[in-house]
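Trainee: In this note's numbering, the protein residues as written are 10 to 624.
C-beta: ideal position from N, C-alpha, C; glycine also.
The structure under discussion is supplied below as structure tokens; questions concerning it will follow.
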Amino acid sequence: MAETLWELSHVTLGRGSAPRLNDVSLTLCDGVTAVIGPSGAGKTSLLNLLVGFERPDAGAMTQRISASDERLPLAWVPPDFGLWPHLTVRQHLETVRPEQIYSPEIDELLSAFNLDRLATVSVGRLSQGERSRLAVARALACDPLVLVMDEPLVHVDPASLDHYWRTISEHCVSRETALVFSTHAPDVVLREASRVVCLDAGRVSFDGTVDSLYASPPSREVARLLGPSNWFDAKETANWLPDREVSNQPVCIRPSQLELAPSSNGSGLRVHRSRRVGTLIETEVEHEPTHDRRTLVHRPGDGPLTEGTRVLLRLCLLLLACLVWSGCQSSEAGPQLPVTNSRTLKMPADGSSVPAPRSLTVSEEGELYVLDNAGRVLVYDNTGELTREWRMPEYDVGRPEGVCILDDGTVAVADTHYHRIVVFSNTGDVLRMFGEHGEEAGQFIYPVAITKDDSGHLYVAEYGGNDRIQKFTTSGEFITTFGSFGTDEGQFQRPSGVVWLGGLVYIADAINNRVHVYSDDGEYRETIVDAARENSVSVNYPYDIALGPDASLFLVEYGAGRVTQIDTEGNLLGRHGSVGRGKGQFYTPWGITVDRQGRVFVADTGNHRTVELSL
10 MAETLWELSH VTLGRGSAPR LNDVSLTLCD GVTAVIGPSG AGKTSLLNLL
60 VGFERPDAGA MTQRISASDE RLPLAWVPPD FGLWPHLTVR QHLETVRPEQ
110 IYSPEIDELL SAFNLDRLAT VSVGRLSQGE RSRLAVARAL ACDPLVLVMD
160 EPLVHVDPAS LDHYWRTISE HCVSRETALV FSTHAPDVVL REASRVVCLD
210 AGRVSFDGTV DSLYASPPSR EVARLLGPSN WFDAKETANW LPDREVSNQP
260 VCIRPSQLEL APSSNGSGLR VHRSRRVGTL IETEVEHEPT HDRRTLVHRP
310 GDGPLTEGTR VLLRLCLLLL ACLVWSGCQS SEAGPQLPVT NSRTLKMPAD
360 GSSVPAPRSL TVSEEGELYV LDNAGRVLVY DNTGELTREW RMPEYDVGRP
410 EGVCILDDGT VAVADTHYHR IVVFSNTGDV LRMFGEHGEE AGQFIYPVAI
460 TKDDSGHLYV AEYGGNDRIQ KFTTSGEFIT TFGSFGTDEG QFQRPSGVVW
510 LGGLVYIADA INNRVHVYSD DGEYRETIVD AARENSVSVN YPYDIALGPD
560 ASLFLVEYGA GRVTQIDTEG NLLGRHGSVG RGKGQFYTPW GITVDRQGRV
610 FVADTGNHRT VELSL
């Protein structure tokens, strides 16, 4: 059970017809909570109440932060930074940690926020960006149980933000510090927070997980707080989304869900203009029968579309919106895996950012291969030291999501958004590629997972509306295909993990919350896990599957933030983890692998780390 930090009941701040906070009721737990909303919504007022800078004019607020003899209960980064004009940069950190004036921790914080060269400079000579970094560094130096930050790093160079936020996140995880912060930056919320509180005109317009807000916002206005979206009122869906089930509810389609595909008929949709906007495409489309026009923000595909092109709107299932948290509850109970030790393998920086792992596998020699979302292949030795790395041939459109070591020691990577398999030497030289974009045999939409059998045959799982498993020779010659898109028996919605064992192929069917079994010649055998079936093991978006040395199966659950071990009949053997950013927790984990010693490696994607579990 997560710890409750604050309880607010019908709190109002300010008097008159437009109070700054109006009848706010919230329960804030530990973890990472973002407070968002338009300017003037009440974000600063709420944080002022939490830190005791102001008191409610009506209602009740209770602070429940645990007492500690060794650590401050609370640290605050106010919007004006609250710096001391008579002190130097270094003295700010020394003042809050007098017992560690000569501690390397102070030097590390100064270096992490690029303040080491300014250590002897007084506040009056600092820029706004330098002051904002100092305010955050001082707050971390306080080592509080709870950290509250009002729009931190707002004046900092955008190119450096990822690095500074990674420092904050790693500190909070390592010290088990709860974090509450306000921001106007959707990318920061999506990357750093697990829970979000939305304010508008002093009232709470949303309170829940970041992922549920991203997937199912209550209104068009709230949807915009987490970035671009395509909002369709109920009456618009028949024209623009004819293949979608009829509903009287509005629909929010995020750019990551939407692809515009050229088509000979296009269902009456014609492109007027199209342009690239960062990593997305913005296209103005006309529905010719009604002459209605709207601008859609969508996945890049092959780039902007030519004027006059007729298109289809292709929906891709949402991947982010699958965390299920109820208030401050932890994950489902059950037999626990006997984890004797765990450690974190840090991801190397890529410029000013720290990428996140997506997929991993272990070689016969015990080397760990990790794919990250910067388009890199990282190789760690048996002790966890990074020994080498290389880039994918291309990675601007999207990043790879599956990796497998072949019998000859070469490395096969599912180059997801380039619709192909790339085979490298174990030092990163490209040896060959196979596959192209398409739905025919040997073609791919989005290849996402890859494994091999004892004969060297490859099995590639793909999603994107053509969800299936394809079998190839080692050289890439097509053999057969099995499975299809859907929810019926043996069908898939994002088959995101695949392993082979004794003539059988075990497939993690992520969106359907199932594990299927096929023979390796393509015959459907059974479904051993189905969350919708009575008496089945419950899983929440099983994003990958791995084979243990004892022939058991390990699942990593993107939605539940945990590792689940089952036998080949689907019986539960044990679980480990819950959703979060602390020790023993995972946040949107994508990948899992197990070595010959039974060590489990998890791509803890949302926490930008790889976790090793010893059983």
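THR186 and VAL205 - do their beta-carbons sit closer together than 8 Å?
Mentor: Here residue 205 refers to the residue found at position 196 when the sequence shown is read from its first residue. Here residue 186 refers to the residue found at position 177 when the sequence shown is read from its first residue. No, the pair does not count as a contact, with Cβ atoms beyond the cut-off.
Trainee: Measure the alpha-carbon distance for ASP604 versus TRP249 and round it to whole angstroms.
Mentor: As a first step, residue 604 is located in the sequence shown; it is residue number 595 there, counting from the start. As a first step, residue 249 is located in the sequence shown; it is residue number 240 there, counting from the start. For ASP604 and TRP249, the distance between alpha carbons rounds to 48 Å.
Trainee: By how many angstroms is the C-alpha of LEU222 removed from the C-alpha of ARG229?
Mentor: Here residue 229 refers to the residue found at position 220 of the sequence shown. Here residue 222 refers to the residue found at position 213 of the sequence shown. Taking the straight line from one Cα to the other gives about 11 Å.
Trainee: What number of angstroms, rounded off, separates the C-alpha of HIS193 from the C-alpha of ASN31?
Mentor: Here the question's residue 193 lines up with position 184 in the sequence shown. Here the question's residue 31 lines up with position 22 in the sequence shown. Distance between the alpha carbons of HIS193 and ASN31 is about 21 Å.
Trainee: Return helix, strand or coil for ILE430, following the three-state DSSP convention.
Mentor: The sequence position of residue 430 within the sequence shown is 421, counting from 1. ILE430: strand per DSSP, three-state reduction.
Trainee: Quick check: the Cα distance between LEU380 and GLY591, rounded to an integer number of angstroms?
Mentor: Start at 1 with the first residue of the sequence shown, and residue 380 comes out as number 371. Start at 1 with the first residue of the sequence shown, and residue 591 comes out as number 582. Rounded to the nearest angstrom, the two C-alpha atoms are 23 Å apart.
Trainee: Cα separation between TYR567 and THR353?
Mentor: As a working note, residue 567 is residue 558 in the sequence shown. As a working note, residue 353 is residue 344 in the sequence shown. One C-alpha to the other measures close to 18 Å.
Trainee: State the beta-bridge partners of GLU7 as determined by DSSP.
Mentor: The structure shown has nothing for residue 7, since the chain only spans 10 to 624.
Trainee: Is it true that the stretch 402-412 meets the stretch 572-591, where meeting means three or more beta-carbon pairs spaced less than 8 Å apart?
Mentor: Verdict: no, contact absent.
Trainee: Determine which residues share a DSSP beta bridge with THR625 and list them.
Mentor: Outside the shown range of the chain, which is 10 to 624, sits residue 625, and nothing can be said about it.
Trainee: Check LEU527 in the structure and name its three-state DSSP category.
Mentor: Working through the sequence shown from its first residue, we reach residue 527 at position 518. Note that residue 527 is Tyr in the sequence shown here, rather than Leu. Note: TYR527 maps to strand in three-state DSSP.
Trainee: Could you tell me the alpha carbon to alpha carbon distance between VAL333 and SER203, rounded to whole angstroms?
Mentor: Along the sequence shown, read from residue 1 onward, the residue named residue 333 stands at position 324. Along the sequence shown, read from residue 1 onward, the residue named residue 203 stands at position 194. Interpretation of VAL333 is limited by its pLDDT of 36, a score under 50 that renders its predicted location unreliable; the figure taken from the coordinates is listed afterwards. Each residue's alpha carbon lies about 11 Å from the other.
Trainee: State the Cα-Cα distance for the pair VAL86 and LEU510, rounded to the nearest angstrom.
Mentor: Locating residue 86 in the sequence shown gives position 77, counting from the first residue. Locating residue 510 in the sequence shown gives position 501, counting from the first residue. Spanning the two alpha carbons is a distance of roughly 54 Å.
Trainee: Kindly identify the DSSP beta-bridge partner or partners of ARG303.
Mentor: Along the sequence shown, read from residue 1 onward, the residue named residue 303 stands at position 294. VAL294.
Trainee: For VAL233, which of helix, strand or coil comes out of DSSP?
Mentor: Position 224 of the sequence shown, counted from the start, is the residue given in the question as residue 233. The sequence shown places Arg at residue 233, rather than the Val named in the question. In this structure, ARG233 counts as helix in the three-state DSSP scheme.
Trainee: Can PHE494 and PHE487 be called in contact, C-beta distance under 8 Å?
Mentor: Within the sequence shown, numbered from 1, the residue matching residue 494 stands at position 485. Within the sequence shown, numbered from 1, the residue matching residue 487 stands at position 478. No, these two residues do not count as a Cβ contact at 8 Å.
Trainee: Counting only the same chain and skipping the five closest in sequence on each side, list residues whose C-beta sits under 6 Å from that of SER478.
Mentor: Residue 478 sits at position 469 when you count from the first residue of the sequence shown. The amino acid occupying residue 478 in the given sequence is Ile; Ser does not appear at that position. Result list for ILE478: TYR468, ALA470, PHE491 and GLY492, in chain order.
Trainee: Do you know how far the Cα of LEU289 is from the Cα of GLY138?
Mentor: Here residue 138 refers to the residue found at position 129 of the sequence shown. Here residue 289 refers to the residue found at position 280 of the sequence shown. Roughly 29 Å separates the two Cα atoms.
Trainee: Determine the burial state of PHE122: buried for a count of at least 16 other Cβ atoms within 10 Å of its Cβ, exposed for fewer.
Mentor: Here residue 122 refers to the residue found at position 113 when the sequence shown is read from its first residue. Answer is buried; the Cβ neighbour count reaches 16.
Trainee: Taking only three categories from DSSP, how would you classify ASN239?
Mentor: Sequence index remark: in the sequence shown, residue 239 carries index 230 (1-based). In this structure, ASN239 counts as strand in the three-state DSSP scheme.
Trainee: Does the separation of the CB atoms of SER141 and VAL157 fall below 8 Å?
Mentor: Taking the first residue of the sequence shown as position 1, residue 141 is located at position 132. Taking the first residue of the sequence shown as position 1, residue 157 is located at position 148. Result no, Cβ atoms of SER141 and VAL157 do not sit closer than 8 Å.
Trainee: Which two residues bound the contiguous beta strand (DSSP E) that contains GLU398?
Mentor: Along the sequence shown, one-based indexing puts residue 398 at 389. Per DSSP, GLU398 belongs to the beta strand (DSSP E) from 395-400.
Trainee: Would you call the CB atoms of LEU395 and GLY465 closer than 8 Å?
Mentor: Numbered from its first residue, the sequence shown carries residue 395 at position 386. Numbered from its first residue, the sequence shown carries residue 465 at position 456. No, they are not a contact pair.
Trainee: Jot down the residue ranges of each uninterrupted beta strand (DSSP E) in the stretch 79-146, minimum 3 residues, whole runs only, in chain order.
Mentor: Correct list: 83-86.
Trainee: Output the distance between the C-alpha atoms of GLY499 and ILE537, rounded to the nearest integer angstrom.
Mentor: The count along the sequence shown starts at 1 and reaches residue 499 at position 490. The count along the sequence shown starts at 1 and reaches residue 537 at position 528. Computed Cα separation, rounded: 11 Å.
Trainee: Restricting to Cα atoms, I'd like to know which of SER18, ALA67 and PHE62 is closest to LEU83.
Mentor: Position 74 of the sequence shown, counted from the first residue, corresponds to residue 83. Comparing Cα positions, the closest option is PHE62.
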